[in-house]
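Report on the structure given below.
Numbering (our numbering), first residue to last: 1 to 377.
Written out as structure tokens, the structure reads:
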């Protein structure tokens with residue numbers, strides 16, 4: 001029996017559901033990184049077989065092509081209305097509270113807790129928390145883990161508000177219709193070209209501050225598209241035929257990924273950057289995957305997932321705190337499995353099945369603490 005739909009005032013259910021889906025995907029993405037996928041994570045374990053890292057890398061490559069770009073687009077979608085309602089100055093103040101405070105909490109408390117767990121329980125070195133804190137004070141370093149996304153959003157939001165103050169520009173597009181397929185194709189070609197040029201100098205994995213320029217072409221593009229989409233009501237005007245076209249593109253693009261990697265000899269390193277045909281192909285592939293998957297999911301959630309049962313209604317307000325807390329929680333779940341001799345796929349499965357619910361339960365408890373609502377929503 002289906003769960004009864006829960007009414008929630010002033011919410012766009014399908015967008016809440018997309019954000020919830022993307023949050024869970026972020027957690028699974030990082031669990032995959034921990035067990036053999038490509039990417040950064042504070043605690044990693046060598047896979048027990050040769051197949052798992054290939055599957056996890058493909059999974060992560062598909063995720064990376066769209067999920068954070070989609071997050072930025074949805075974040076940008078709500079920026080104009082919030083700035084209109086509060087005014088640019090109050091909007092910036094609220095962004096500093098909602099985005100800035102978690103950054104400070106992460107770099108001071110959460111990062112320290114993660115280091116303590118890894119040093120003591122993963123490495124068995126038995127170092128006191130006071131020693132770790134003392135070391136961090138003597139060697140200060142801006143460590144925010146996955147909250148680089150939050151810092152990027154803070155930067156984008158401030159830029160938008162400042163532009164509103166300086167230019168008075170409303171960012172309203174010329175037409176209140178979803179962009180044509182031709183416009184989308186031109187956008188894909190443009191961001192692919194810029195991404196390729198950026199990655200000649202800044203390969204995937206290379207960081208400037210806490211940001212990877214190799215990915216930020218897509219992120220910045222999608223944030224500003226989200227703003228235009230809000231002003232032009234683009235999301236409300238996505239047709240079934242157009243969504244079907246881009247769903248076909250998305251399926252073809254996803255199926256092409258393992259073929260392209262296999263033809264290159266199985267190594268992913270040449271695809272990460274530099275002046276090479278592999279880097280060019282990767283830039284084109286990611287750009288097509290990014291927009292085609294986003295459009296497909298947008299239509300799917302609008303038409304199939306535009307309501308909430310009791311469980312999803314309980315989970316969806318917690319997506320932000322879950323994003324903030326998922327790294328220390330997943331690391332803590334991983335540690336006991338370091339000493340269990342089971343295959344990598346089972347470890348991935350068990351950590352995911354335990355870690356995802358734990359993130360939401362603990363996140364919900366933290367949101368009940370007085371005075372957290374202004375930051376966590």
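Using N, Cα and C, we set each Cβ at its ideal position, and we do this for glycine too.
Going by DSSP, residue 286 is part of the alpha helix (DSSP H) stretching over 277 to 304. Secondary structure in the segment 8 to 35: the alpha helix (DSSP H) runs of 4 residues or longer, each lying completely within the stretch, are 13 to 34 in chain order. According to the DSSP secondary-structure assignment, residue 211 is paired through a beta bridge with 208. Contact between the segment 312 to 329 and the segment 130 to 138 is absent: fewer than three C-beta pairs spanning the two stretches fall below 8 Å. A distance below 6 Å between beta-carbons, with the five flanking residues on each side excluded, links residue 98 to the following residues of its chain, in chain order: 375. For residue 273, the closest C-alpha among the options 226, 212, 248, 238 is that of 212. The residue among 87, 280, 63, 253 with its C-alpha nearest the C-alpha of residue 198 is 280.
By the neighbour-count criterion, in which 16 or more other beta carbons inside 10 Å mark a residue as buried, residue 46 falls on the exposed side. Taking residue 178 as the centre and dropping the five residues before and after it, the same chain places the C-beta of 234, 237, 238 closer than 6 Å to its C-beta, in chain order. Take residue 16, set aside five residues on each side of it, and the residues of its chain with a beta-carbon closer than 6 Å to its own are 316, in chain order. Ranked by how close their Cα comes to the Cα of residue 266, the residues 50, 22, 41 have 50 in first place. For residue 88, same chain residues with a beta-carbon under 7 Å away, outside a window of 5 residues either side, are 161, 164, 165 in chain order.
The residue among 339, 337, 331 with its C-alpha nearest the C-alpha of residue 43 is 331.
In terms of Cβ geometry, residue 190 and residue 77 do not form a close pair [threshold 8 Å]. Of all alpha-carbon atoms in 347, 250, 21, the one lying nearest the alpha-carbon of residue 34 is that of 347.
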